[in-house]
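Just so you know, we're using the numbering used here here: the sequence shown kicks off at 303 and counts up by one. Every residue, glycine too, gets a C-beta built ideally from N, C-alpha and C.
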Amino acid sequence: MLIDSYNRKIDYLRVSVTSNCNLRCLYCMPKIPPDKKIDENLLSFDELFLFVKVAIDAGIRKIRITGGEPLLRENLQDFIRMIFEYKSTVDLALTSNAFFLKDKAKALKDAGLKRINISLDSLNANKLKKISQKDVLENVLEGIDEAIKLGFIVKLNTVVLKGINDDELISLLDFAQSKKVQIRFIEFMENTHAYGQLNSVNCEKILEILSKKYNIKKQEKDTSSPVSLYKIDNDYTFGIIEPHSDEFCNTCNRIRITAEGLLVPCLYFDEALSIKEAIKNKDIKKASEILYTVIKNKPEKNKWNAYKEKSQRAFYQTGG
Ligand code: SAM
Ligand code: SF4
């Protein structure tokens with residue numbers, strides 16, 4: 303079992319398989335020109351899998367594939383199948399912008415993927431184009447429908463941006479309800495790679511907006527997840543991810559690995575150690591030592607709340 307220095311059980315690994323993306327969301331990677339491909343020294347799936355096995359053997363029970371846009375990586379289903387065949391009880395999930403999902407969902411399902419979280423920041427095509435800097439709504443909606451049709455557990459993620467999509471929270475919640483999937487509203491996390499003029503909307507304000515239509519009751523916190531859950535009268539549950547609160551860090555159960563093999567203990571922090579050399583040398587013992595060191599050094603809290611600073615870490619590298 304992996305326990306960090308603050309007695310948090312770490313059983314969730316997020317694996318980024320590429321930093322590249324077909325979109326340029328304002329809060330993520332707006333400064334990289336749309337046609338520019340980031341040069342990457344990627345670990346192969348076989349190499350990433352060597353580390354994944356170390357992590358599973360040490361106690362990781364949930365793995366989420368992310369990016370950049372993970373569906374840009376060729377034959378992603380092969381990597382998913384490797385993990386599924388190694389330990390079928392691992393909760394295997396993906397986070398995607400869903401642009402390519404319609405065509406890829408079936409292969410992912412057949413490989414053993416269980417859950418997909420899909421980013422959906424607006425239901426208005428022009429607004430979504432403004433946020434993601436590409437005309438994507440139709441493809442995203444088709445991807446959502448295909449994932450639901452195939453029986454995936456689907457959740458929607460909405461980053462709430464002041465003056466941009468905070469007028470759509472009720473319609474997004476209604477949409478998620480109509481599809482019988484959970485939506486989670488995410489407070490924008492300030493970072494140096496994002497467009498400079500963005501402002502976050504905090505959890506309190508999100509609840510105030512939704513209260514115009516709904517009676518909302520907070521649910522007891524699930525201690526194994528940083529998401530706060532709320533119920534409305536008909537028992538529909540939605541979530542709010544509030545990294546600016548202490549609760550978020552108290553229940554953090556995760557570590558991240560980038561597509562180039564950097565093990566990142568906290569979404570905010572810069573301290574990270576590379577397992578690349580160990581993996582290239584097939585030195586499992588060393589990779590395991592680095593994993594334990596990173597978990598031991600996992601900080602107690604991020605700095606969004608206490609210091610009101612901007613993280614220097616790019617979400618498209620750490621995978622959100
Ligand atoms: N491309 C995929 C997607 O967009 O779903 C996966 C990678 S993306 C980096 C993972 C998650 O991070 C998405 O839900 C995205 O909305 C979220 N994210 C990215 N930048 C963020 C920021 N500055 N603040 C809050 N959430 C952010
Ligand atoms: Fe791409 Fe996801 Fe970042 Fe948007 S949030 S630019 S879809 S990696």
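(message) Looking only at its chain, what residues have a beta carbon closer than 6 Å to the beta carbon of Gln-499, apart from the 5 residues adjacent to it on each side?
(response) none
(request) For Phe-540, name the three-state secondary structure that DSSP assigns. (result) strand
(request) Using alpha carbons as the reference points, say which of Ser-390, Leu-394 and Lys-339 lies closest to Tyr-314. (result) Leu-394
(request) Check whether the segment 429-439 touches the segment 362-377, counting contact only when three or more Cβ pairs, one atom from each stretch, lie closer than 8 Å. (result) no
(request) For Ser-421, count neighbouring C-beta atoms within 10 Å of its own C-beta (all shown protein chains included) and say buried if the count is 16 or more, exposed if not. (result) buried
(message) Between Asn-607, Gly-621 and Ile-581, which has its C-alpha nearest Val-354's C-alpha?
(response) Ile-581
(request) Flag Ser-421 as yes when its Cβ comes closer than 8 Å to any non-hydrogen atom of the ligand SF4, and as no otherwise. (result) yes
(message) So, for Gln-479: in the same chain, excluding its five sequence neighbours on each side, which residues have a beta-carbon less than 7 Å away from its beta-carbon?
(response) Tyr-538
(message) Looking at the secondary structure, which residues open and close the beta strand (DSSP E) in which Glu-489 lies?
(response) 484-489
(request) For Ser-434, verify whether its CB is less than 8 Å away from any heavy atom of the ligand SF4. (result) yes
(request) Counting only the same chain and skipping the five closest in sequence on each side, list residues whose C-beta sits under 8 Å from that of Lys-416. (result) Asp-393, Leu-394, Ala-395, Phe-454 and Ile-455
(request) Give, in chain order, every unbroken run of the alpha helix (DSSP H) that is at least 4 residues long and sits entirely within the segment 405-484. (result) 427-434, 439-451 and 471-480
(request) Tell me, please, whether the segment 502-511 touches the segment 439-459 by the rule of three or more beta-carbon pairs shorter than 8 Å. (result) no
(message) Cys-505 and Ile-472 - do their beta-carbons sit closer together than 9 Å?
(response) no
(message) Given this structure, state the Cα-to-Cα distance separating Gly-414 from Thr-391, to the nearest angstrom.
(response) 10 Å
(message) In this structure, how does DSSP classify Asn-249 when only helix, strand and coil are distinguished?
(response) Since the first residue shown for the chain is 303 and the last is 622, residue 249 is missing from the structure and cannot be characterised.
(message) Extract the residue ranges of the alpha helix (DSSP H) inside the segment 338-402, only unbroken runs of 4 or more that lie entirely within it.
(response) 347-360 and 378-388
(request) May I ask you to list the residues that DSSP assigns as paired with Arg-316? (result) Arg-366 and Arg-558
(request) Using a threshold of 9 Å, state whether the C-beta atoms of Glu-440 and Leu-403 are closer than that. (result) no
(request) Identify, in the order they occur along the chain, each residue of the same chain with its Cβ nearer than 8 Å to the Cβ of Tyr-594, setting aside the five sequence neighbours on each side. (result) Leu-304 and Ala-360
(message) With H, G and I counted as helix, E and B as strand and the rest as coil, what does DSSP make of Ile-592?
(response) helix
(message) Looking at the ligand SAM, does it come within less than 8 Å of Glu-506, judged from the CB to the closest heavy atom?
(response) no
(message) Buried or exposed, going by whether 16 or more other CB atoms sit within 10 Å of the CB of Thr-525?
(response) exposed
(request) Under 8 Å by Cβ, that's how I've got Val-596 and Leu-569 pegged, so tell me the actual separation to the nearest angstrom. (result) With 8 Å as the limit, Val-596 and Leu-569 do not qualify as a contact, their Cβ atoms being about 13 Å apart.
(request) In angstroms with no decimal places, state the Cα-to-Cα distance between Ser-527 and Pro-545. (result) 12 Å
(message) Let's test the definition: count the other Cβ atoms within 10 Å of the Cβ of Tyr-388 and tell me whether it reaches 16, buried, or not, exposed.
(response) exposed
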